[in-house]
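Add 5 to a position in the sequence shown, counting from 1, and you land on the number used in this note's numbering. Here's the structure we're looking at; comments come further down.
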Amino acid sequence: MNELSTMSVKTPEERLKELEMQLKIYASRNLDLNMSRGKPCSDQLDLSNEMLTIPIPIENDPNKDLRNYGTLDGLPETKKLFADILEVNPSEIIIGGNSSLSMMYNALAKAMLYGTFDSERPWKDEISVKFICPVPGYDRHFTICEQLGIEMIPVEMKEDGPDMVKVEALVKNDPTIKGMWCVPKYSNPSGITYSSDVVGRLASMVTAATDFKLMWDNAYVVHDLYDEVDHLDNIMEACKAAGNPDRAYLFTSMSKVTFAGAAVAAMAGSEACINHILKILGVQTIGTDKINQYRHVAFLRDSDGVTAHMKKHAEIIRPKFQVVLDLFEQHFGDRVMAQWSKPKGGYFINLNLKNSSAKEVVRLAETAGLKLTEAGATFPYKNDPLDSNLRIAPTFPPLEEMTTAIEILCICIELVYLKFQEK
Ligand code: PMP
6 MNELSTMSVK
16 TPEERLKELE
26 MQLKIYASRN
36 LDLNMSRGKP
46 CSDQLDLSNE
56 MLTIPIPIEN
66 DPNKDLRNYG
76 TLDGLPETKK
86 LFADILEVNP
96 SEIIIGGNSS
106 LSMMYNALAK
116 AMLYGTFDSE
126 RPWKDEISVK
136 FICPVPGYDR
146 HFTICEQLGI
156 EMIPVEMKED
166 GPDMVKVEAL
176 VKNDPTIKGM
186 WCVPKYSNPS
196 GITYSSDVVG
206 RLASMVTAAT
216 DFKLMWDNAY
226 VVHDLYDEVD
236 HLDNIMEACK
246 AAGNPDRAYL
256 FTSMSKVTFA
266 GAAVAAMAGS
276 EACINHILKI
286 LGVQTIGTDK
296 INQYRHVAFL
306 RDSDGVTAHM
316 KKHAEIIRPK
326 FQVVLDLFEQ
336 HFGDRVMAQW
346 SKPKGGYFIN
356 LNLKNSSAKE
366 VVRLAETAGL
376 KLTEAGATFP
386 YKNDPLDSNL
396 RIAPTFPPLE
406 EMTTAIEILC
416 ICIELVYLKF
426 QEK
């Protein structure tokens, strides 16, 4: 009898016992595995070490000295690099510090305090402020809203982006809906890229709020895993063409291109929006780190240089994604216990479980030394109504640890599933 046929004759009780024993063995190994956050691994960080030793030019002209204060909107060459990546004009770019998340937080905090360029009043003076949040989505977007008192309305992600019928109906009639979070390419965590139809509708939909903003977080714009890449339409062009030139705030960063903690971030918007933000920003700072901006351009050169560099990242992380996909296929090939995404880029695999079991799976995995992203984190207010969604972040652990981690996860999923069947 081969192994498969032996397995198939086991009763659910026997299989349950076997899985419990396997988990016990893992637990006895005092493992400390962490798959909770989408962080690059050391090998990925090493790809950019050369940047640390790039000398900076010491200019004769004191006004151009990179070491000194100034240049609030960023160095022209850095603006050009980000403008090419985000497909906007350099005049539509502000270079920030190391974090695009911090630029997003700032953009919304400024909107609350002062309003946007096209607001009638600060958002804090509105009766309420609401945001549409495609789900599952990025937990840190949701915690920004929670902290700023922005009410979140979840809208389901479909295969080609957010459910536009719902979105259009919501924004058309409610002037307190001031914006929407979008991770339009290789979305966190679903891996979905918005279709041309979705991008066009987001740009042209009728909004009751005249200062409605798309928070277009293009964090994974250059993060392709394979030669065949997803195409994303240009949101800025679509907004301009639809007569809504001030609708989109775009964000991205080099966090997962060079160094996650010491990269360069950028924001883009119409010139009117950018000039409005620069006026407020000029009170907040005299400028960001020009030395790092210079080094990024010297190292990456241009958008072709970024693409070439990202291929090296893909070579490191693609096998890790593949291990997860292979193990899921091996354990749950019939898709009864679990369903998952096969993203062409980005940092996550999206996993949906049966029987409201995500919280229990996360708890059980922790008993065996595996930390996963908290169940519910991918929904506003941590409320996943089906308790089914888990975000798998394969990039950080070494390949061998990752394999162990996913084996533990698969055991936990099957265990919880069988226990539910027993009830
Ligand atoms: N946006 C998304 C969608 C992300 O997944 C992440 C990182 N997990 C960020 C923003 C953070 O970007 P940054 O490092 O530029 O702050």
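Note that CB positions come from ideal geometry on N, CA and C, so glycine has one too.
Residue i burial status per 10 Å Cβ neighbour count (16 or more: buried)
| i | result |
| --- | --- |
| H236 | exposed |
| T383 | buried |
| N394 | buried |
| T58 | exposed |
| G75 | exposed |
| V329 | buried |
| D144 | buried |
| E97 | buried |
| N7 | Per-residue confidence for N7 stands at a pLDDT of 48, beneath the threshold of 50, marking its modelled position as unreliable; no derived number is given. |
| G338 | exposed |
| G287 | exposed |
| D216 | buried |
| Y422 | buried |
| E419 | buried |
| A370 | buried |
| V170 | exposed |
| K428 | exposed |
| V341 | exposed |
| D450 | Residue 450 falls outside the range modelled here, since the chain spans only 6 to 428, and no answer is possible. |
Distance cut-off 6 Å: residue i Cβ against heavy atoms of ligand 1
| i | result |
| --- | --- |
| N297 | no |
| L219 | no |
| V288 | no |
| A243 | no |
| V188 | yes |
| L106 | yes |
| N193 | yes |
| D216 | no |
| S133 | no |
| L273 | Looking at the sequence provided, one finds Ala at residue 273 rather than Leu. Not under cutoff, so the answer is no. |
| G102 | no |
| F144 | Just to set this straight, residue 144 is Asp in the shown sequence, not Phe. Checking the Cβ of D144 against ligand 1 gives no. |
| D294 | no |
| G222 | Inspection of the sequence shows that residue 222 is occupied by Asp rather than by Gly. D222: yes, Cβ under 6 Å from ligand 1. |
| G350 | no |
| A112 | no |
| G374 | no |
| S258 | yes |
| G154 | no |
| G205 | no |
| A313 | no |
| A270 | yes |
| G43 | yes |
Limits of the unbroken beta strand (DSSP E) element including residue i
| i | result |
| --- | --- |
| V140 | 135-140 |
| Y254 | 253-258 |
| D66 | It is not in any beta strand (DSSP E) - D66 carries neither H nor E in the DSSP assignment. |
| D222 | 218-222 |
| L118 | First-last for L118: 105-119, but that is the alpha helix (DSSP H), not the beta strand (DSSP E). |
| C375 | Inspection of the sequence shows that residue 375 is occupied by Leu rather than by Cys. Taken as a continuous stretch (DSSP letters only), the beta strand (DSSP E) holding L375 covers 375-377. |
| L395 | 394-397 |
Residue range of the unbroken alpha helix (DSSP H) whose run includes residue i
| i | result |
| --- | --- |
| M56 | M56 -> no alpha helix (DSSP H), and no H or E assigned at all. |
| I132 | Where I132 is concerned, there is no enclosing alpha helix (DSSP H), given that its DSSP letter is neither H nor E. |
| R72 | Here R72 belongs to no alpha helix (DSSP H), and DSSP marks it neither H nor E. |
| S47 | 47-51 |
| A370 | 363-372 |
| L404 | 404-427 |
| D89 | 81-91 |
| K245 | 240-246 |
Residue-level contact to chain C via CB, residue i, 7 Å cutoff
| i | result |
| --- | --- |
| P141 | As a matter of chain content, chain C is missing from the structure shown, which is built from one protein chain. |
Residue i CB to nearest heavy atom of ligand 3 below 6 Å
| i | result |
| --- | --- |
| A114 | In the structure shown, ligand 3 is absent; the only ligands present are ligand 1. |
* Unbroken stretches of the alpha helix (DSSP H), 4 residues or longer, contained in the segment 149-210 -> 169-178, 201-209
* **Ordered list of alpha helix (DSSP H) runs contained in the segment 271-357, each at least 4 residues** => 276-289, 295-305, 308-337
* To do: Could you say if the segment 87-96 and the segment 254-272 meet the contact criterion of at least three C-beta pairs nearer than 8 Å?
  => yes
* To do: May I ask you to verify whether the segment 264-280 touches the segment 228-235, counting CB pairs closer than 8 Å and requiring at least 3?
  => no
* Asked: So does the segment 318-334 actually touch the segment 398-415, counting three or more Cβ pairs closer than 8 Å?
  -> yes
* Asked: Any contact of the segment 370-388 with the segment 35-51, i.e. 3+ C-beta pairs under 8 Å?
  -> yes
* **Given 8 Å, three or more beta-carbon pairs between the segment 317-328 and the segment 102-112** => no
* **In chain order, each beta strand (DSSP E) run of at least 3 residues that lies wholly inside the segment 11-42** => 38-40
* So does the segment 343-358 actually touch the segment 184-197, counting three or more Cβ pairs closer than 8 Å? -> yes
* How about the segment 78-85 and the segment 299-307: do they share at least three Cβ pairs that are nearer than 8 Å? -> yes
* Sufficient close CB pairs (3 or more, under 8 Å) joining the segment 143-158 to the segment 307-318 -> no
* Asked: Does the segment 132-151 come close enough to the segment 174-187 that 3 or more CB-CB pairs lie under 8 Å?
  -> yes
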